[in-house]
Every structure is written in C-alpha cells, then in structure tokens.
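These notes concern the structure reproduced below.
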Amino acid sequence: MAIKILVAYASTNGSTQEVAERVTTTLRERGLEVDLQPAKKVRSLEGYGAIVLGAPLYILHLHKDALHFLSQHQKALSGGLPIAIFAGGPFGKGDAEEWQEVRRSLDKELAKYPWLTPLSVEVIGGRFDPTRLHFPWNLVPALKNMPPSDLRDWEAIHAWANSLFPDS
Ligand SMILES: Cc1cc2nc3c(=O)[nH]c(=O)nc-3n(C[C@H](O)[C@H](O)[C@H](O)COP(=O)(O)O)c2cc1C
C-alpha cells in the first residue's frame, strides 16, 4: 500500500526550503503522496509512513527547529518510522576538506540522538548571501566579507530524493 510522506524543513534564509520543495516534487513525480511543512509547525507524525527532514548547519549546529523536531517526535522516530535527513552547508570554498568538515559537524549533531537511525543522511550544499546576514552575524567581518555562494547541486538533490523509499 502507498505510504504518505512528510517532508519537514528548518530554514532561516530560504535555501533549505527550496531544497525541501525540490525533494517533494521529485517524490511526487514518482506518484507518492507528500506533505511539505516547516518543521516547527508539525505537531504529530501520525498518518505518515516515512519522514524527510532538512536543515542547514549554523555555527556547527543543526538549525534549532530541526533539533527540536527530533526531540519532539522521538517516540515515533525511535519506534520504527523511517527518516531520511539532508543538511545544508558548506558555504565557503566548497572544497573536499570543507565537505568533510560539514559531514563531521552533522554526524556530531546527530550523535546527540543515539536512538535515531536514519535511512540516509545527505549533505546537500548551502547558499550564502552576505547581504542577508542578520544580527549579530552582520557585524562579523569574516562573514560580512565572504563572497556569495550557492553550492547546492540540483541534479544530486534530485538523484538523492529519487533513491529514497525504493519500495514505495
Ligand atoms: C551565520 C552563519 C553560520 C553558518 N554556519 C555554518 C556552519 O557551521 N557549517 C556549514 O556547513 N554551513 C554554515 N552556514 C551556511 C548555511 O548552512 C547555509 O547558508 C544554508 O544554506 C542556510 O540555509 P537556509 O537558507 O535554509 O537558512 C552558515 C551560514 C551563516 C549565515
């Protein structure tokens, strides 16, 4: 029987939301029923057969809405409800070292939830725009002077979404 999927996302500047929209479109193209929601608006996971959670890294930590989502829904997520996770970052040079660093930060964050066993965890690249920095980050020269970047690879994102839930 077809399952219903929830794509939940945490996003401050919109780039993770755009990726969540793309993941949703890809899954819907396969004929799957998918709801798309900001993570902070999700009250219950009842009725869903699988979850995709997207969040950016900010200062080495996953977006607080994603961390809260994992804590809030621990019972369902540790009770066998499958979850796949994607994370935004890197946002600098985008070399191999930076991707590895981001992966390490992400693994460290997820290790805080020893009960969590995601089907897949993907680093998808981030978008950075120094003109959109909020206080206090707009006062940090190292950030203010960074060039804008968009390291999201839309083909890779589409391929990753397509690889999820192969039996659904
Ligand atoms: C203040 C600030 C701190 C950031 N810290 C990190 C970080 O520690 N690791 C990382 O990989 N990306 C970091 N990023 C990049 C964001 O993850 C990236 O810009 C992401 O696409 C933002 O997602 P959003 O547009 O959905 O909010 C940071 C960005 C900002 C503005």
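My numbering applies: residue 2 is where the sequence shown begins, and numbers increase by one. Note that beta-carbon positions come from the ideal geometry of N, C-alpha and C, so glycine has one too. None of the values given here were measured: they were computed from a predicted structure.
{"query": "7 Å CB neighbourhood of I4 in its chain, flanking five on each side removed", "result": "G50, A51, S169"}
{"query": "S150 in three-state terms, based on DSSP", "result": "strand"}
{"query": "Cβ distance (whole Å) where L71 is taken to contact L61 below 8 Å", "result": "L71 to L61, Cβ: 17 Å. No contact."}
{"query": "Which listed residue (T26, L140, P39) has its alpha carbon closest to that of G15", "result": "P39"}
{"query": "As assigned by DSSP and simplified to three states, the class of K131", "result": "First, the residue type needs correcting, since residue 131 is Pro and not Lys in the sequence shown. Looking at P131 - three-state DSSP - the assignment turns out to be helix."}
{"query": "Straight-line Cα distance separating G95 from A162", "result": "22 Å"}
{"query": "Ligand 1 heavy atom lying under 7 Å from the CB of T27", "result": "no"}
{"query": "Minimum C-alpha distance to I86 - residue among Q101, P131, L117", "result": "L117"}
{"query": "Bounding residues of the beta strand (DSSP E) (the contiguous stretch that carries D36)", "result": "34-39"}
{"query": "Cβ-heavy atom distance, L61 to ligand 1, below 7 Å", "result": "yes"}
{"query": "Backbone CA spacing between R44 and V124 [nearest angstrom]", "result": "26 Å"}
{"query": "Counterpart residues of S121 in DSSP-defined beta bridges", "result": "A85"}
{"query": "heavy atom of ligand 1 below 7 Å from P119 C-beta", "result": "no"}
{"query": "Simplified DSSP state of L1, which is helix, strand or coil", "result": "The structure shown has nothing for residue 1, since the chain only spans 2 to 169."}
{"query": "Cβ-heavy atom distance, P91 to ligand 1, below 7 Å", "result": "yes"}
{"query": "Same chain, Cβ closer than 6 Å to E99, neighbours up to 5 away in sequence not counted", "result": "P91, G93"}
{"query": "Exposure of V8, with buried meaning 16 or more beta-carbon neighbours within 10 Å", "result": "buried"}
{"query": "Check whether A1 and H74 have beta carbons under 8 Å apart", "result": "Lying outside 2 to 169, the shown extent of the chain, residue 1 is not represented and no answer is given."}
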